[in-house]
Every structure is written in C-alpha cells, then in structure tokens.
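Trainee: Going by this note's numbering, the sequence shown opens with residue 62, and the numbers climb by one from there. Quick one: structure below, then a few questions.
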Amino acid sequence: MMTQALVKTEINLESKNETIHGKVWGQKTEEIKFRHSRFNGLVLLPYMTEERMNLLAEFPTRDGDVYVVTYMKSATTWLAQIIREIAKPTMPEGLTEEDVLGGTVPCLEAANFQHLAAYPSPRHMVTHLPYSLTPKNSQQNLKYIYNARNPRDVAVSMFHYMRVLEKLDWDGTWDEFLGYFMKGDVPYGSYFDHVLEWWAHRNDENVLFLKYEDLKKAPVEYITKIAEFLGYSLSRQEAERVSEECSFSAMKANKNTNYDRYRHQIYKKESDFNFMRKGIVGDWQNHFSHEQLAEFNQLYASRMNGTGLDFEFTIQ
Ligand code: PPS
Numbered sequence: 062m063m064t065q066a067l068v069k070t071e072i073n074l075e076s077k078n079e080t081i082h083g084k085v086w087g088q089k090t091e092e093i094k095f096r097h098s099r100f101n102g103l104v105l106l107p108y109m110t111e112e113r114m115n116l117l118a119e120f121p122t123r124d125g126d127v128y129v130v131t132y133m134k135s136a137t138t139w140l141a142q143i144i145r146e147i148a149k150p151t152m153p154e155g156l157t158e159e160d161v162l163g164g165t166v167p168c169l170e171a172a173n174f175q176h177l178a179a180y181p182s183p184r185h186m187v188t189h190l191p192y193s194l195t196p197k198n199s200q201q202n203l204k205y206i207y208n209a210r211n212p213r214d215v216a217v218s219m220f221h222y223m224r225v226l227e228k229l230d231w232d233g234t235w236d237e238f239l240g241y242f243m244k245g246d247v248p249y250g251s252y253f254d255h256v257l258e259w260w261a262h263r264n265d266e267n268v269l270f271l272k273y274e275d276l277k278k279a280p281v282e283y284i285t286k287i288a289e290f291l292g293y294s295l296s297r298q299e300a301e302r303v304s305e306e307c308s309f310s311a312m313k314a315n316k317n318t319n320y321d322r323y324r325h326q327i328y329k330k331e332s333d334f335n336f337m338r339k340g341i342v343g344d345w346q347n348h349f350s351h352e353q354l355a356e357f358n359q360l361y362a363s364r365m366n367g368t369g370l371d372f373e374f375t376i377q
C-alpha cells in the first residue's frame, strides 16, 4: 500500500460538498514541522481530514471482508501482494487497476467508498488505522491480518519516505525524525500503541498476527499460514511460487507493486525515491547513533517488557 494516498480523484470523490482538489491539506505546527492533520489527538497524513475520518468511522463493512492492517512501513504492500497471489481478487466491473490505489487490494483510507462497494466479495483491503478506528462488525465474519515490523527499521523506512512525500513538505534530519517517532508525533501516532493494541487481540479467532522478520526468514511457511487463515490450502509448490512472485526483487520490478505509476503525484519532483527501497532487516544499523540506540532501547523496554511481544533486529 502506498500510504501517502493521493489519488486525487478518489479523495475528491469522497468529499461531500467542497472540493479538496488543489487545496493544501494539513498544517505544520511549532512542534511538528511536516504537514499533518489530527483526529482525536492522533497525528495523521495531511489528506486525512476530519470529514474523511468521520466517513471512515461509518464505513459499511461486508461479511467476508479481509483487512490487512499494519503500522506504516511494515510491508503492507508485501502482504497485499501475497493476498493477490493466493486469493486472486479482481477489480469491480468498469474499474481498472489504475483507478483505485492498491488495485485489487485497495487502500481503505484512500479509496472512494462507492468504488469499495463495487468490489466482489470477499473484499481484501489494506489500512494503517489503529485498532480503535479499524472497521468492525460483530454480526459479520470479518478477518484481520496484522503485520508488525521491528520499530528500528520502521523508523528508518518512515524517515526516508516522509522526506520525499511532496504533501508533507518536510526534509528534516534523522535526529529530528527520531524525536517525532519516539513521541508518537508521526502519521498514525505511536508505533508502540499501534502494535500493542493489536497484539492484545492476537488470539482473537479472526486475527492473524504476523511479523515482518518471520516472513523474511520463512516466507513459504508464513504464506501457507496466511492461506489457511483465508480458507485456502496451498501445496508446498504453490506456496513457493507465491513466495517467488512476492519476493522483494519481483515486487520491485512489478508496476502494480512498485507504485512508480503514482510517483509524480506523490513524491517531490526532484526525488528518485524507490518505494521498494531496501526490504531488509537491520538497516537501522546505518542510522542510529550509539546514544540514539540507548535512548530508543529504553523506550522499547518500557513499552514492550512484560507484553510478550519482541522482535529480532537482525537476521542471518
Ligand atoms: S506504506 O507506505 O506504509 O504502505 O509502506 P509498506 O508497504 O507498509 O512498507 C514499505 C516497506 O516494506 C518493504 N517491503 C518489502 N520488504 C521485503 N520483501 C518484500 N517483498 C517487500 N515489499 C515491501 C519496503 O521495501 C519498505 O521497507 P524499506 O525498509 O523502506 O525498504
């Protein structure tokens, strides 16, 4: 999923009376120097206006819906592609992959609800919304796949991404960004709140809680688990095929997953940013100073100790 979801026609169509098209979204403040919006105290991407958030709160769920949920930069796009390869979701009649951000696995926050209503069941959608704001309906059979990634690499990935997003209009330093991240003053709020709220629901029957580092280490095993959760039974050979189609290099070369088609709408003009940036575990080692890491580890311990949730920060 491309978080800075700026497929303008979609956002525009969702707007009830006023046109958002062409308007500068969000604001900068003394404390937060990138453009952002806020909803009930939560920092969000600038296009997520109060109007849009209120619409999202009333999102009409449908029996069979599958929501892929992640904090930003936790490989939403990877999960979406795995789902495409397993479930083979299709576009609604009359819409092409180019019409809706995410195509066959659309992004909930960015999409036009009329478009989402037209998707055949079961719908598969991606979102970065925190637990409290993710659509729910106890009368329906809704499934959630949550993918968590270690926060050091999430911070690094988010830093690089936010610096190139045109609408955020920010090119601050890593040091400045890490300050925001540790305070939770980044789009979608505190990383720790996000993962821990979902972790608390990891044993719910309709929740599959995964980790990026596990997927990296054993893609075939976890792809098989995802398939089972969705009601498919994959042979080892099929799971291996999915794993290959969804490898970092395959996705980097695939126009449906590298988001290059949106680059002029999303990135700063001068940027040669690649959405499929590095796709590794451990890039944090190229960014954190000794002091930053010590401070970060303190925060990590204060939030994670005793929760049972932990991450690998390097893998072989
Ligand atoms: S977004 O914008 O928040 O929706 O981005 P998201 O898709 O969640 O996360 C992008 C990061 O996921 C990495 N990625 C992958 N890593 C390994 N294998 C595969 N197949 C894969 N697909 C996406 C992507 O490279 C981004 O991480 P970084 O560290 O920046 O490279």
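Glycine residues also receive a C-beta, built at the ideal position from the N, C-alpha and C atoms.
Ignoring anything shorter than 4 residues, give me the alpha helix (DSSP H) runs that lie fully in the region 132-196, in order along the chain.
Mentor: Runs of the alpha helix (DSSP H) inside the region 132-196: 137-148, 174-179.
Trainee: Return the Cβ separation of E274 and I376 in integer angstroms, given the expectation that the two are a contact with Cβ distance under 8 Å.
Mentor: Confirmed, about 6 Å.
Trainee: Check R263 in the structure and name its three-state DSSP category.
Mentor: Coil at R263, not helix or strand.
Trainee: Is M133 near ligand 1 - that is, is its Cβ less than 7 Å away from at least one heavy atom of it?
Mentor: M133: yes, Cβ under 7 Å from ligand 1.
Trainee: On the three-state DSSP scale, how would you describe F100?
Mentor: DSSP places F100 in strand when its eight states are reduced to three.
Trainee: Just to confirm the assignment, what range does the beta strand (DSSP E) spanning I327 have?
Mentor: Careful: I327 lies outside any beta strand (DSSP E), inside the alpha helix (DSSP H) at 324-327.
Trainee: Return the CA-CA distance between L169 and V342, expressed in angstroms with no decimal places.
Mentor: One C-alpha to the other measures close to 27 Å.
Trainee: Given a cut-off of 8 Å on the beta-carbon distance, is the pair D214 and D344 in contact?
Mentor: Yes, these two residues count as a Cβ contact at 8 Å.
Trainee: Checking the sheet assignment: what are the DSSP bridge partners for Q88?
Mentor: In the DSSP output, where bridge partners are listed per residue, Q88 has H97.
Trainee: On a Cα-Cα basis, can you pick out the residue from N319, D333, E119 that is closest to K197?
Mentor: With distances taken between Cα atoms, K197 lies closest to E119.
Trainee: Keeping to the same chain, check which residues put their C-beta closer than 8 Å to that of L291; ignore five residues upstream and five downstream.
Mentor: Correct list, in chain order: V127, I144, I147, A148, K204.
Trainee: Could you check whether the Cβ of W345 sits closer than 7 Å to any heavy atom belonging to ligand 1?
Mentor: Not so, every heavy atom of ligand 1 lies at least 7 Å from the Cβ.
Trainee: Could you check where the beta strand (DSSP E) with L269 kicks off and where it finishes?
Mentor: It spans 268-272 - the beta strand (DSSP E) in which L269 sits, taken as one unbroken run.
Trainee: Is the separation between the beta-carbon of M243 and that of F357 shorter than 8 Å?
Mentor: Yes, the pair counts as a contact, with Cβ atoms nearer than the cut-off.
Trainee: Does ligand 1 have a heavy atom nearer than 7 Å to the CB of F220?
Mentor: Checking the Cβ of F220 against ligand 1 gives no.
Trainee: Suppose only complete runs of 4+ residues qualify. What are the alpha helix (DSSP H) ranges in the region 286-310, listed by chain order?
Mentor: Listed in chain order, they are 297-306.
Trainee: From P167, Y192, P191, N173, pick the residue whose C-alpha is nearest to that of P183; which is it?
Mentor: Nearest C-alpha to P183: P167.
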